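Below is one structure, written out as structure tokens; the observations come after it.
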Ligand SMILES: [Zn+2]
């Protein structure tokens, strides 16, 4: 139980940051024209963050979806919603962008 509470408190700032970014993308989506090229970026970014929040709940956040290795903290600091390590991102072109 105490582990859970500690884990929850260390994840809270990350969750708050992800949710803030998600809200930001969603507010852009709300005002984007359907033919605005940016809509695709915001939609994909929002999807990635929803998926990151889901992994946070499942306890798999920070693990590469492709190879299962831990994603380096430096990458997560830059891209908190990253679902793959840099190596897998580079070798799997469809994951780019
Ligand atoms: Zn990987």
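Numbering (my numbering), first residue to last: 9 to 105. All residues carry an ideal CB built from backbone N, CA and C; glycine is no exception. Note that the structure is a prediction, hence the values are computed from the model and not measured.
List the residues that DSSP assigns as beta-bridge partners of residue i.
i: residue 78; result: 71
Does DSSP put residue i in a helix, in a strand, or in coil?
i: residue 87; result: coil
i: residue 96; result: helix
i: residue 44; result: coil
Quick one: measure Cβ to Cβ for residue i and residue j, integer angstroms, because I've assumed they're closer than 8 Å.
i: residue 19; j: residue 64; result: 6 Å
i: residue 22; j: residue 80; result: Their Cβ separation, rounded to whole angstroms, is 15 Å, which puts residue 22 and residue 80 out of contact at 8 Å.
If I measure Cβ to Cβ from residue i and keep anything under 7 Å in the same chain, skipping five residues before and after, which residues do I get?
i: residue 84; result: 70 and 90
i: residue 34; result: 54
i: residue 50; result: 33, 36, 37 and 40
Got a sec? Which residues, its chain only, sit under 8 Å from residue i by beta carbon, not counting five neighbours each side?
i: residue 55; result: none
i: residue 30; result: 54, 57, 58 and 61
Less than 6 Å between C-beta atoms, sequence neighbours within five positions excluded: which residues of the same chain meet that for residue i?
i: residue 52; result: none
i: residue 75; result: 96
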